[in-house]
Amino acid sequence: MRAQLLTAIGRPLAAGDVAAPRAGPGQVLIRVHACAVCRTDLHVVDGELPEPKLPLIPGHEIVGTIVERGAEADRFNIGDRVGVPWLGWTCGVCEYCRGGRENLCDQARFTGYQIDGGYAELTVADQRFCFAIDRRYGDVEAAPLLCAGLIGYRALRLAGDGERIGLYGFGAAAHILAQLANYQGRRVFAFTRPGDAAAQDFARGLGAVWAGGSDEMPPEQLDAALIFAPVGALVPAALAATRKGGTVVCGGIHMSDIPAFPYRLLWEERVIRSVANLTRRDAEEFLALAPKAGIRTTTRTYPLAEANRALADLRTGTLEGAAVLMP
Ligand SMILES: [Zn+2]
Ligand SMILES: [Zn+2]
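Have a look at this one:
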């Protein structure tokens, strides 16, 4: 099958023709129809996440149909359409798994990092970590829901019930979350790279009540701020924009160092926290909620062979919404 392979850290992906995988016990073989490109894929390629499988097929926002079932894989039928997210396997027995926090599992394995992912014509996944996709979504449109959407959903949930939500970095995750926050009756304040009028227009078009540069203060103090850009300097900026008792959630897996900042920005019970990975419960809740909330995704498609161009466009910030690869 055709695949895009990371063979060494920091190198462009290489087109490869590799043996088709087979479904092992409890696994399904999936024909990939669409795989969205996540910022985490850039962090893997750049070596900002330690020790990826090498060679690796990246990609963890996969939509496809099941073409083969391994032994004891009876959760889905051949021909069913499923989505495969970042969380690919958990141990089920550690303290975190038993406590409903499998996102923090000590042994967790992740799609497109330690397990080959969706930058390929076929992929194999543990059936317990596959999810049905609502028929109201096309394959391409559904793909960004699987990470941008559902890790964003977890980040928004951890931000609390506040009404005024700041979104720093208006990319794939924020463009989905703005719609969800509106549906929940919240008000969205969108922060983009300073001077990025196109991204600010995009945010207003998705219901943001205010959009400006990340160097600006919003017109009202925020109840919570979610940071999706991998820029540590946004943490003190977001704290400064957040009211007493508010929460700043860092939604990315990697961020540049957070600069020193005066304690008064944190004082008055402000909270900084990160969000890591997802649980299967997050995925089930969000994938049921997305069609009810009328969430649509904005995508730019690329042939699988142009995965490097998709990654480059994500890196330079020229994308509106999410990049999606089509094998
Ligand atoms: Zn575990
Ligand atoms: Zn992701």
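Numbering follows our numbering, with no gaps: position 148 of the sequence shown is 129. Glycine residues also receive a C-beta, built at the ideal position from the N, C-alpha and C atoms. Predicted model, so just to flag it, every value in this text is computed and none were measured.
For Asp61 and Gly315, the rounded distance between their alpha carbons: Residue numbering for the chain in the displayed model covers -18 to 308; residue 315 lies beyond these limits and cannot be assessed.
Rounded Cβ spacing between Leu137 and Ala106 (contact assumed at less than 8 Å): Translated into positions along the sequence shown, residue 137 becomes position 156. Translated into positions along the sequence shown, residue 106 becomes position 125. About 26 Å separates the two Cβ atoms, so there is no contact after all.
Whole-number beta carbon distance between Val13 and Ile43, since they are thought to touch under 8 Å: Your numbering for residue 43 matches position 62 in the sequence shown. Your numbering for residue 13 matches position 32 in the sequence shown. That belief holds up - the Cβ atoms of Ile43 and Val13 are roughly 6 Å apart, short of 8 Å.
Exposure label - Gly81; buried when at least 16 CB within 10 Å: In the sequence shown, residue 81 corresponds to position 100, counting from 1. Around the beta carbon of Gly81, fewer than 16 other beta carbons sit within 10 angstroms, so the residue counts as exposed.
Leu259 and Ile132 closer than 7 Å at C-beta: Numbered from 1 along the sequence shown, position 278 holds the residue referred to as residue 259. Numbered from 1 along the sequence shown, position 151 holds the residue referred to as residue 132. In this structure, Ile132 lies closer than 7 Å to Leu259 by Cβ.
Own chain partners of Glu249 with C-beta closer than 8 Å, once the 5 adjacent residues on each side are dropped: For the purposes of this step, residue 249 is identified with residue 268 of the sequence shown, where counting begins at 1. Result list for Glu249: Lys225, Gly226, in chain order.
Contact test: Thr260 Cβ vs ligand 3 heavy atom, cutoff 6 Å: Ligands present in the displayed structure are limited to ligand 1 and ligand 2, and ligand 3 is not among them.
Proximity test, Cβ basis, 7 Å: Arg138 and chain B: This model lacks chain B altogether; it includes just one protein chain.
Any non-hydrogen atom of ligand 1 within 6 Å of Cys75 CB: Within the sequence shown, residue 75 is the residue found at index 94, counting from 1. Yes.
Own chain residues within Cβ distance below 8 Å of Leu203, not counting five before or after: Within the sequence shown, numbered from 1, the residue matching residue 203 stands at position 222. Here Leu203 has Gly143, Arg145, Ile146, Gly147, Phe170, Ala219, Ala222, Thr223, Arg224, Gly227 as same chain residues with Cβ atoms under 8 Å from its own Cβ, once five neighbours each way along the sequence are excluded.
Contact belief for Leu126 with Leu268 at Cβ below 8 Å, rounded distance in angstroms: Numbered from its first residue, the sequence shown carries residue 126 at position 145. Numbered from its first residue, the sequence shown carries residue 268 at position 287. A Cβ-Cβ distance of about 7 Å is found for the pair Leu126 and Leu268, placing them in contact under the 8 Å criterion.
Within the stretch 20 to 53, ranges of the alpha helix (DSSP H) (whole runs, at least 4 residues): Within the stretch 20 to 53, the complete alpha helix (DSSP H) segments at least 4 residues long are 20 to 26, listed from N- to C-terminus.
Straight-line Cα distance separating Glu102 from Trp309: Outside the shown range of the chain, which is -18 to 308, sits residue 309, and nothing can be said about it.
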